[in-house]
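**Q**
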Amino acid sequence: MSDDPNQPNLDPLTLRLAAANALIRRRRTIKPKDMSEKPIENAHLAAILENANWAPTHGMTEPWRFFVFAQEGRQRLAEFMQSLYKKITPEDQHRPDKFDKLGSQPLMAPVVVAIGMKRQEIEKIPEIEELAAVACAVQNMHLTASALGMAGFWSSPPLSYTDEMREWLGLGDPRDKCLGFFYLGWPKDEGWPESTRGPITDKVTMVSQ
Ligand SMILES: Cc1cc2nc3c(=O)[nH]c(=O)nc-3n(C[C@H](O)[C@H](O)[C@H](O)COP(=O)(O)O)c2cc1C
Numbered sequence: 074m075s076d077d078p079n080q081p082n083l084d085p086l087t088l089r090l091a092a093a094n095a096l097i098r099r100r101r102t103i104k105p106k107d108m109s110e111k112p113i114e115n116a117h118l119a120a121i122l123e124n125a126n127w128a129p130t131h132g133m134t135e136p137w138r139f140f141v142f143a144q145e146g147r148q149r150l151a152e153f154m155q156s157l158y159k160k161i162t163p164e165d166q167h168r169p170d171k172f173d174k175l176g177s178q179p180l181m182a183p184v185v186v187a188i189g190m191k192r193q194e195i196e197k198i199p200e201i202e203e204l205a206a207v208a209c210a211v212q213n214m215h216l217t218a219s220a221l222g223m224a225g226f227w228s229s230p231p232l233s234y235t236d237e238m239r240e241w242l243g244l245g246d247p248r249d250k251c252l253g254f255f256y257l258g259w260p261k262d263e264g265w266p267e268s269t270r271g272p273i274t275d276k277v278t279m280v281s282q
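Read left to right, the sequence shown gives residues 74 to 282 (my numbering).
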């Protein structure tokens, strides 16, 4: 490490923190309409799923389950989503724009990952913790995608939470859950989106005594 104040601080801890900051803050939601047609290589998909598998998990239940829809599989997903939307939406509330989007959106991303939570048989771990673990796994996917320069989007239309969707995915236990869909692709060449957050000080209560 250099003592020269004009030189960047390159000690390992500073570098690791800088890398973590950059990755966490650069992660952005990029929706399928802003994805290009470039396919996803198997090695990239494998890296993303492998990192999902390293999420924290109380009791080592590893409750995340992923169903990867690619190529023609996306068409099957789109068709099922449309039929389910028709089934669960009262006729007077049917929105043609929503129906069309359910049919087109899965085809605008090269890969759509349905997100599942497999309930522990003995229910020792509270459900809320299993859902939290799955969310951590999705964050791992999204961070890894961002590190690769890829676009990701967690979508959770109401039909995600229906028994029909759960069963269609093969999550056979009524206690299992579908938590939505993670769309994965490459961003179109229109720059990387920016976002903001309110100050963390508004969300933290310090208790020191
Ligand atoms: C559990 C969960 C479900 C989400 N579902 C949707 C959704 O259905 N539609 C949507 O537009 N965005 C959805 N999002 C993404 C948020 O809109 C997005 O994270 C937010 O706008 C902040 O943008 P950023 O991800 O780029 O930081 C979801 C995010 C989470 C964590």
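Using N, Cα and C, we set each Cβ at its ideal position, and we do this for glycine too.
From a predicted model like this one, the values you see are computed outputs, not experimental measurements.
#1: Is it right to say Gly258 is buried, meaning 16 or more other beta carbons lie within 10 angstroms of its own, or is it exposed?
#2: Distance check for Pro179 and Ala143, CA to CA, integer angstroms please.
#3: Relative to ligand 1, what is the chain-ordered list of residues with a Cβ closer than 5 Å to any of its non-hydrogen atoms?
#4: Using a Cβ-Cβ cutoff of less than 7 Å, which residues in the same chain neighbour Leu232 once the five nearest sequence positions on both sides are dropped?
#5: Going by CA-CA distance only, name the one from Pro136, Ser229, Leu216 that's closest to Ile198.
#6: Helix or strand or just coil, what does DSSP make of Val280?
#7: Name the residue from Ser177, Gly271, Phe139 whose alpha carbon lies nearest to the alpha carbon of Ala208.
#8: Can you check which of these residues, Trp127, Phe254, Pro260, Thr235, is closest to Pro247 by C-alpha distance?
#9: From which residue to which residue does the alpha helix (DSSP H) around Ile311 run?
#10: Am I right that Trp227 and Gly253 are in contact with their C-beta atoms under 8 Å? What's the rounded C-beta distance?
#11: Where does Thr217 land, buried or exposed, given buried means 16+ other C-beta within 10 angstroms?
**A** Taking the coordinates as given:
#1: Taking the sequence shown and counting its residues from 1, one reaches residue 258 at position 185. So Gly258 ends up on the buried side.
#2: Residue numbering aside, residue 143 sits at position 70 when the sequence shown is read from its first letter. Residue numbering aside, residue 179 sits at position 106 when the sequence shown is read from its first letter. Computed Cα separation, rounded: 9 Å.
#3: Arg101, Thr102, Trp227, Ser228, Ser229, Ser268
#4: Locating residue 232 in the sequence shown gives position 159, where the first residue counts as 1. Within the same chain, Leu232 has close Cβ partners Met154, Leu157, Tyr158, Ile161, Met238.
#5: For this step, residue 198 is matched to residue 125 along the sequence shown. Measuring from the Cα of Ile198, the nearest candidate turns out to be Pro136.
#6: Counted from its first residue, the sequence shown places residue 280 at position 207. It is coil, neither helix nor strand.
#7: Here residue 208 refers to the residue found at position 135 when the sequence shown is read from its first residue. Comparing Cα positions, the closest option is Phe139.
#8: Position 174 of the sequence shown, counted from the first residue, corresponds to residue 247. The option with the nearest alpha carbon to Pro247 is Thr235.
#9: The question about residue 311 has no answer, for the chain in this structure spans 74 to 282.
#10: Position 154 of the sequence shown holds residue 227. Position 180 of the sequence shown holds residue 253. Between Gly253 and Trp227 the Cβ distance is about 6 Å, and since that is below 8 Å, they are a contact.
#11: The residue given as residue 217 occupies position 144 in the sequence shown. It is buried - the Cβ of Thr217 has at least 16 other Cβ atoms within 10 Å.
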